[in-house]
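A short worksheet on the structure shown next.
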Amino acid sequence: MAEYQEHNFHSENPSHLWHYIQESLLSLINKEDNRCILDLGCGNGYLVNNLIAYGYNAYGIDASQTGIAIAKQKNPDRFFIQDLDDSKLPVEIRDLKFDTIISTEVIEHLYNPFAFIDFCKSILDETNGELIISTPYHGYFKNLILSVFNKWDKHTNPVAVGGHIKFWSKNTLSKLLTDAGFTIVDFKGCGRFPYLWKSMIIKAKLN
Numbered sequence: 001m002a003e004y005q006e007h008n009f010h011s012e013n014p015s016h017l018w019h020y021i022q023e024s025l026l027s028l029i030n031k032e033d034n035r036c037i038l039d040l041g042c043g044n045g046y047l048v049n050n051l052i053a054y055g056y057n058a059y060g061i062d063a064s065q066t067g068i069a070i071a072k073q074k075n076p077d078r079f080f081i082q083d084l085d086d087s088k089l090p091v092e093i094r095d096l097k098f099d100t101i102i103s104t105e106v107i108e109h110l111y112n113p114f115a116f117i118d119f120c121k122s123i124l125d126e127t128n129g130e131l132i133i134s135t136p137y138h139g140y141f142k143n144l145i146l147s148v149f150n151k152w153d154k155h156t157n158p159v160a161v162g163g164h165i166k167f168w169s170k171n172t173l174s175k176l177l178t179d180a181g182f183t184i185v186d187f188k189g190c191g192r193f194p195y196l197w198k199s200m201i202i203k204a205k206l207n
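All the letters of the sequence shown, read from the start, carry residue numbers 1 to 207 under UniProt numbering.
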């Protein structure tokens, strides 16, 4: 089981990361041809509920019972509890094909990211399906700074309960996606300074 299952949510307010990825993430959503959107790892439903308010047909899945309970307060028929390691959608939305799948700060918690990407591919619309993924950014300069200032122990914190299993760079996440049959169409770094970004967002399209 992945660590994210244990996260407890206490309100409908967005998490701290939303403040520095919001603008970039929303700019990547296709506003012209988006009939159906799925947020995999939707947490407390903040993004999905806002997308619904903007007029999108959006749904959310998360393993957190507290998160889904909060999300359902606004749109009870759009949210479902499910472990993201599962290979099938909840039965209520199993027949849907999605134009866009969004997954923010999830893939770094997964033991098998290959299976997760294959799952996304299987439920995307085959003609115009798009996948938007955010994850903490790692790259040469950021890794160098962590090493020079002896911050790796604090950064990875292996004695903490839970935490990140994978540490992704632009190259490694791009390769994961292209190997699965996606084409990378956009990249954005978010938070802090260029190449020391807190997070990154990659948008990929099915070939």
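Virtual Cβ for every residue (Gly too), placed ideally from N, Cα, C. All values reported here derive from a predicted model rather than from experimental measurement.
Spatial distance of residue i from residue j (CA atoms)
{"i": "TYR20", "j": "THR127", "result": "31 Å"}
{"i": "ASN57", "j": "LYS175", "result": "30 Å"}
{"i": "LEU38", "j": "PHE119", "result": "12 Å"}
{"i": "LEU196", "j": "SER15", "result": "20 Å"}
{"i": "LEU124", "j": "GLY191", "result": "29 Å"}
{"i": "VAL185", "j": "ILE61", "result": "25 Å"}
{"i": "ILE29", "j": "THR156", "result": "31 Å"}
{"i": "PHE187", "j": "ILE201", "result": "6 Å"}
{"i": "LYS72", "j": "THR100", "result": "21 Å"}
{"i": "MET98", "j": "SER87", "result": "Going by the sequence as given, residue 98 is Phe instead of Met. Going from the Cα of PHE98 to the Cα of SER87 covers about 15 Å."}
{"i": "ASN34", "j": "PHE149", "result": "45 Å"}
{"i": "GLY181", "j": "ASN207", "result": "6 Å"}
{"i": "ALA160", "j": "ASP153", "result": "11 Å"}
{"i": "CYS36", "j": "LYS170", "result": "27 Å"}
{"i": "LEU146", "j": "GLY189", "result": "18 Å"}
{"i": "SER122", "j": "GLN22", "result": "27 Å"}
{"i": "ASP95", "j": "PRO136", "result": "32 Å"}
{"i": "THR178", "j": "PHE114", "result": "11 Å"}
Where the beta strand (DSSP E) through residue i begins and ends
{"i": "LEU131", "result": "130-136"}
{"i": "residue 217", "result": "This structure does not reach residue 217, given that the chain is present from 1 up to 207, and the question cannot be answered."}
{"i": "residue 208", "result": "Nothing can be reported for residue 208, as the shown portion of the chain is limited to 1 through 207."}
Start and end residues, alpha helix (DSSP H) containing residue i
{"i": "LEU206", "result": "Per DSSP, LEU206 belongs to no alpha helix (DSSP H); it is in the beta strand (DSSP E), 199-206."}
{"i": "LYS188", "result": "First-last for LYS188: 182-190, but that is the beta strand (DSSP E), not the alpha helix (DSSP H)."}
{"i": "ALA69", "result": "65-71"}
{"i": "ILE52", "result": "46-53"}
Assigned secondary structure, residue i (DSSP; H/G/I helix, E/B strand, else coil)
{"i": "ALA58", "result": "strand"}
{"i": "SER87", "result": "coil"}
{"i": "LEU96", "result": "coil"}
{"i": "ILE29", "result": "coil"}
{"i": "PHE119", "result": "helix"}
{"i": "SER169", "result": "strand"}
{"i": "ASP39", "result": "strand"}
{"i": "PHE149", "result": "coil"}
{"i": "LEU17", "result": "coil"}
{"i": "LEU124", "result": "strand"}
{"i": "ASN75", "result": "coil"}
{"i": "HIS164", "result": "coil"}
{"i": "LEU176", "result": "helix"}
8 Å Cβ cutoff met for residue i and residue j
{"i": "GLN82", "j": "PRO90", "result": "yes"}
{"i": "SER134", "j": "THR172", "result": "no"}
{"i": "ASP130", "j": "LYS205", "result": "Reading the sequence as shown, one finds Glu at residue 130 and not Asp. Contact flag set, yes."}
{"i": "LEU144", "j": "ILE102", "result": "no"}
{"i": "ILE165", "j": "LEU84", "result": "no"}
{"i": "HIS138", "j": "PHE116", "result": "no"}
{"i": "GLY45", "j": "PHE79", "result": "yes"}
{"i": "LEU25", "j": "ILE132", "result": "yes"}
{"i": "ASN49", "j": "LYS31", "result": "no"}
{"i": "TYR59", "j": "ILE107", "result": "no"}
{"i": "SER27", "j": "GLY43", "result": "no"}
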